[in-house]
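> All residue numbers for the sequence shown refer to the working numbering, where the first residue is 22 and numbers rise by one. Got a structure here, written out as structure tokens. Questions coming.
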Amino acid sequence: MDIDNKYFYRVYGLNIDSNIEILEFPKRNEDFKDKDIVTILYGQTPNNILEEIREGKSIHVTKDHVWFHIDHVATYCIENGNKVIVDPCEDCDISLMKVYIMGSVLGFLLLQRESTAIHGGTVVINGNAIIFTGERGAGKSTLTTALVKRGYNFVADDVAALSFDNKIVVEPGFPYHKLCVDALENMYYVKELYPCFQADGKVKYIVPDFYGFYKRKVPLTAICELDMGEVDNVKVEEIKGGEKLNKIIKNIYRTEYIGSMGGMTPKYFKKCIEIAKEAKFYIITRPKGKYTVDDQIEIIEGIFKEKKGSKAM
22 MDIDNKYFYR VYGLNIDSNI EILEFPKRNE DFKDKDIVTI LYGQTPNNIL EEIREGKSIH
82 VTKDHVWFHI DHVATYCIEN GNKVIVDPCE DCDISLMKVY IMGSVLGFLL LQRESTAIHG
142 GTVVINGNAI IFTGERGAGK STLTTALVKR GYNFVADDVA ALSFDNKIVV EPGFPYHKLC
202 VDALENMYYV KELYPCFQAD GKVKYIVPDF YGFYKRKVPL TAICELDMGE VDNVKVEEIK
262 GGEKLNKIIK NIYRTEYIGS MGGMTPKYFK KCIEIAKEAK FYIITRPKGK YTVDDQIEII
322 EGIFKEKKGS KAM
């Protein structure tokens, strides 16, 4: 652990300066100057937080200050949307420590900055971004990776961070997929070749994909929520009106913490309304206990491959 090193990254539209080397993060030119910089640095946990950890607490969330502790890994403190302190536990797995930076830490940073992010992977089809969202275990990364193996590019695997300029665009994440063992084997990857970690009760593998990664922001055209149900075949349904807005809010990354951070602000809610106006929303339901990725891709290509992006009024 060398705290004197300096690394410069660009992830989800964030310009990050760090003394932690994260090979998965795209680098940016260190000469790039910007007042809006996020720092992610090794540091010490404040004594008051250490005391709460000793008392058994593992997370604390307020609007501008979040900390969480993972036993045998690290304590992470996120402040004001621009500062992260990482305090590794003794003899921790450094690779696992970085996994939490790549996931929850970035998620909390985006929430503190009121940057809208959907929990899901993003694939480029016909020049437009399609976000695949859904509950944990719905198959977001599996479908994203399968589409990339079919020749499509992906912008992000786990989080779709959105920017609002003249149009809504998805910001690039980093060129890796997180896959469970079933998906890994179904796609003929050799699991022994990839680092793994435990998440949501499942072992997941980090699979690099520099060839399929698209480094530029892409205009958003649709969001597809993946679901499992009592169906014989893969089904698709377009969602409109108020239900579409509710679905978008439900699938915000780390939406469960918005209440603890003071609730959704009018500014953030307005962004959700803009998404509902500009992007179409579909629910893709697949049978339980059945590998139907090829069927899902056939339906997705039927909807998007020959169509240009259009407003969802």
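Using N, Cα and C, we set each Cβ at its ideal position, and we do this for glycine too. None of the values given here were measured: they were computed from a predicted structure.
#1: I want to see whether chain B comes within less than 8 Å of T96, judged by CB atoms only; does it?
#2: Enumerate, from N- to C-terminal direction, the unbroken beta strand (DSSP E) stretches of 3 or more residues contained entirely within the region 52-77.
#3: Can you check whether the CB of I58 is closer than 8 Å to the CB of N26?
#4: Are the region 311-318 and the region 246-260 touching by the rule of at least three beta carbon pairs closer than 8 Å?
#5: Mind pulling the beta strand (DSSP E) runs of 3 or more residues that sit fully within the region 212-277?
#6: Per the DSSP calculation, Y97 is bridged to which residue(s)?
#7: Assuming V126 is part of the alpha helix (DSSP H), what are its boundary residues?
#8: Rounded to a whole number of angstroms, what is the C-alpha to C-alpha distance between E156 and I99?
#9: Specify, as a first and last residue, the run of the alpha helix (DSSP H) that G323 falls within.
#10: CA-CA distance, G233 and D112?
#11: Relative to the alpha-carbon of K48, which residue among R31, E192 and Y209 has its alpha-carbon at the smallest distance?
#12: May I ask you to list the residues that DSSP assigns as paired with A300?
#13: Where I321 and N68 are concerned, what is the direct C-alpha to C-alpha distance, given to the nearest angstrom?
#14: Decide if Q317 is buried, meaning its Cβ has at least 16 other Cβ atoms within 10 Å, or exposed.
#15: Within this structure, are the beta carbons of G262 and D179 separated by less than 8 Å?
#16: If the criterion is Cβ atoms closer than 8 Å, does the pair Y289 and T154 meet it?
#17: Leaving aside the five residues before and after C217 along the sequence, list all residues of the same chain whose C-beta is less than 8 Å from its C-beta, in chain order.
#18: Measuring alpha carbon to alpha carbon, tell me which residue in G280, F325 and F302 is nearest Q133.
#19: Out of M249, G172, M282 and A181, state which residue places its alpha-carbon closest to the alpha-carbon of A159.
#20: Starting from the Cα of A220, find the closest Cα among V105, D55, Y121 and F129 and give me that residue.
#21: Tell me the DSSP secondary structure of A204 in three-state form.
#22: Give me the Cα-Cα distance between A181 and G194, rounded to the nearest whole angstrom.
Result, derived from the coordinates:
#1: The structure shown contains no chain B; it is built from a single protein chain.
#2: 59-63
#3: no
#4: yes
#5: 217-220, 223-229, 239-250 and 256-260
#6: F89 and V107
#7: Taken as a continuous stretch (DSSP letters only), V126 belongs to no alpha helix (DSSP H), as it is neither H nor E.
#8: 25 Å
#9: V314 to F325
#10: 35 Å
#11: R31
#12: Beta-bridge pairing links A300 to no other residue.
#13: 52 Å
#14: buried
#15: no
#16: no
#17: V224, K225, Y226 and I227
#18: G280
#19: M249
#20: Y121
#21: helix
#22: 8 Å
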